[in-house]
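Have a look at the structure below, then the notes.
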Amino acid sequence: MKKHNFYAGPSILPDVTLKNTADAIFDFAGTGVSLLSISHRSKEFVAVMEEAQQLMKDLLNVPEGYSVLFLGGGASTQFAMIPYNLMGKKSAYLNTGAWSTKAIKEAKLFGEVEVVASSEDKNFTYIPKDFTIPEDADYFHITTNNTIYGTEIKTDLDSPVPLVADMSSDILSRPVDVSKYVLIYGGAQKNLAPAGVTFVIIRDDIVGKVDRPIPTMLNYKTHIDKGSMFNTPPVFAIYALLQTLRWVKELGGVEIMQQINQKKAAMLYDEIDRNSMFKGTVTNKEDRSLMNVCFVMNDGHEDKEKAFLEFATQKGMVGVKGHRSVGGFRASLYNALPIESVEALVTCMQEFEKNNR
Ligand SMILES: *Cc1c(COP(=O)(O)O)cnc(C)c1O
Numbered sequence: 002m003k004k005h006n007f008y009a010g011p012s013i014l015p016d017v018t019l020k021n022t023a024d025a026i027f028d029f030a031g032t033g034v035s036l037l038s039i040s041h042r043s044k045e046f047v048a049v050m051e052e053a054q055q056l057m058k059d060l061l062n063v064p065e066g067y068s069v070l071f072l073g074g075g076a077s078t079q080f081a082m083i084p085y086n087l088m089g090k091k092s093a094y095l096n097t098g099a100w101s102t103k104a105i106k107e108a109k110l111f112g113e114v115e116v117v118a119s120s121e122d123k124n125f126t127y128i129p130k131d132f133t134i135p136e137d138a139d140y141f142h143i144t145t146n147n148t149i150y151g152t153e154i155k156t157d158l159d160s161p162v163p164l165v166a167d168m169s170s171d172i173l174s175r176p177v178d179v180s181k182y183v184l185i186y187g188g189a190q191k192n193l194a195p196a197g198v199t200f201v202i203i204r205d206d207i208v209g210k211v212d213r214p215i216p217t218m219l220n221y222k223t224h225i226d227k228g229s230m231f232n233t234p235p236v237f238a239i240y241a242l243l244q245t246l247r248w249v250k251e252l253g254g255v256e257i258m259q260q261i262n263q264k265k266a267a268m269l270y271d272e273i274d275r276n277s278m279f280k281g282t283v284t285n286k287e288d289r290s291l292m293n294v295c296f297v298m299n300d301g302h303e304d305k306e307k308a309f310l311e312f313a314t315q316k317g318m319v320g321v322k323g324h325r326s327v328g329g330f331r332a333s334l335y336n337a338l339p340i341e342s343v344e345a346l347v348t349c350m351q352e353f354e355k356n357n358r
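Here you go:
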């Protein structure tokens, strides 16, 4: 049976990404050797790195003066690298979920952290709107898409201080005005590639302003200066990432992705709002994520959660169980998820309603 993959991460990738990457494991770029067994300094791999960096810049319209880095360590290492490199005395954070909370914890190791607002009071089901960003902060950090709670900041905020964003789970899902940020980062395993590579889009002039000594590998300057080739980069994941970037470009870029993503998300949210058996956890509609759609059994139907999960599994749905801190269900609608999978989930919800009347 065809499976519909709604996992939150690692998650669905385009078929062409899987196919080309699998092929390259046996014969990389006509070299007759495996992608996994060739020097990262070979001209064939250097070409992969350069094309991936350039495509990332092209697709997101990255202005002059920025570098694209492909590092190891996951978004979680960036939680520490950002304050290590950018924070003198003070930084500011918006707390919109578990990932923001983790980023804040790391920043506190390096100085004063002002949390300008938090939605923890309502289990992170909304994005705080009224807050003041302190002018004496070295940067302001946001998480644009809250993978676990299904909320998203869909516009590029104005900030009086340098803006830093964790875009792990919404990168390339919509156009971004990169000029408004000094640093955008994320684990690639949500919307771009297999686990193992972390993307960092950084304005080159933001580094070198703090006094503390920074270990070589944790210093952005090292990687900017060496074009992300200081040490062995995660070659396998970067190759797969390049295939996804080519796929996005072929489809028409991030504007088209956004249109498709809006259509997919609207389809599912409409059904959640219509269907008497379910309700969305993010009630403030403008805050609803296009990438991760969270819903639970409606009041009076709480006892049917297990039954729906079993029904959905029988119908080929994979990865729809909600995160343990929210419960219920979460359907992740990343770029590579076809609209047919959303239709299949909607049909499944409608049938479940009929069967349980
Ligand atoms: C998954 C995720 C992370 C953690 O990424 P790792 O690469 O596993 O460290 C951080 N932030 C957000 C928004 C995420 O979705």
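Going by the working numbering, the first residue of the sequence shown is number 2, and it counts up by one from there.
Think of the CB as a built atom: it goes at the ideal place given N, C-alpha and C, for glycine as much as any other residue.
All values reported here derive from a predicted model rather than from experimental measurement.
Using DSSP with H/G/I as helix, E/B as strand and the rest coil, what is Glu121? helix
Provide the residue span of the alpha helix (DSSP H) that contains Asp24, from first to last. 16 to 27
Quick one: what does DSSP say Lys250 is sitting in, helix, strand or coil? helix
Do you know how far the Cα of Lys191 is from the Cα of Glu107? Cα atoms of Glu107 and Lys191: separation of roughly 22 Å, rounded to the nearest angstrom.
Euclidean distance between Cα positions of Asn124 and Ile149: 11 Å
DSSP state of Tyr182, grouped into three classes? Look at Tyr182 here: in three-state DSSP terms it is coil, with no helix or strand label.
Reduced DSSP category for Phe111 - H, G, I as helix; E, B as strand; rest coil: coil
For the beta strand (DSSP E) containing Ala332, name the first residue and the last one. 330 to 333
Exposed unless 16 or more other CB atoms sit within 10 angstroms - verdict on Gly31: exposed
Between which residues of its own chain and Ser170 is the CB-CB distance below 6 Å, once the five residues before and five after are set aside? Result list for Ser170: Asn146, Thr148, Lys191, Met292, in chain order.
Taking the alpha carbon of Asp167 as the reference point, which residue from Lys181, Ile143, Asn96, Ala93 has its own alpha carbon closest? Ile143
Tell me, please, which residues DSSP counts as bridged to Leu72. BP columns for Leu72 point to Thr199.
Under three-state DSSP, which class holds Val327? coil
Could you have a look at Arg213 and say whether DSSP puts it in helix, strand or coil? coil
Let me know the secondary structure DSSP gives Tyr240 once reduced to three states. helix
Would you mind giving the Cβ-Cβ distance between Ser326 and Ser12, rounded to the nearest angstrom? I have them listed as a contact below 8 Å. Wrong, their Cβ atoms sit about 18 Å apart, outside the cutoff.
For a quick check, are the C-beta atoms of Val179 and Ile207 less than 8 Å apart? no
Since Met318 sits in a beta bridge, which residues does DSSP pair it with? His5
Taking C-alpha atoms, which residue in Phe141, Glu251, Asp226 lies nearest to Ile105? Phe141
Inter-stretch contact (C-beta, 8 Å, three-pair minimum) for the region 207 to 222 and the region 242 to 255: no
When you compare the CB of Lys210 with every CB in chain B, is at least one pair closer than 8 Å? Note that chain B does not occur in the displayed structure, where there is just one protein chain.
Cβ-heavy atom distance, Ser169 to ligand 1, below 7 Å: yes
Three-state secondary structure (DSSP) of Met292: Annotated three-state conformation of Met292 is coil, per DSSP.
Would you kindly work out how many angstroms separate the C-alpha atoms of Ser35 and Thr22, rounded to a whole number? If I take the Cα positions, the gap works out to 10 Å.
Classify Leu338 as helix, strand or coil using the three-state DSSP reduction. Three-state DSSP puts Leu338 in coil, outside helix and strand.
Using a threshold of 8 Å, state whether the C-beta atoms of Leu173 and Met278 are closer than that. no
When DSSP labels each residue in this structure, what does Asn276 get in the three-state scheme? coil
By Cβ distance below 6 Å, which residues in the same chain neighbour Phe7 in space, the five residues on each side in sequence not counted? Gly320, Val321, Ala332, Ser333
Please report the distance separating the alpha-carbon of Thr199 from that of Tyr240. 13 Å
Do Met94 and Phe111 have their C-beta atoms closer together than 8 Å? Residue identity check: residue 94 is Tyr in the sequence provided, not Met. Against a cut-off of 8 Å, the Cβ pair of Phe111 and Tyr94 comes out as no contact.
Would a C-beta distance cut-off of 8 Å place Val255 and Leu60 closer than the cut-off? yes
Tell me whether the region 120 to 137 and the region 152 to 161 touch, counting them as touching only if at least three CB pairs, one residue from each stretch, are closer than 8 Å. yes
What do you get for Leu346, buried or exposed, if any count of 16 or more other CB atoms within 10 angstroms of its CB means buried? Classified as buried, Leu346 has 16 or more neighbouring CB atoms from the shown chains inside 10 Å of its CB.
The alpha helix (DSSP H) spanning Tyr127 covers which residue range? From DSSP, Tyr127 is part of no alpha helix (DSSP H); its letter is neither H nor E.
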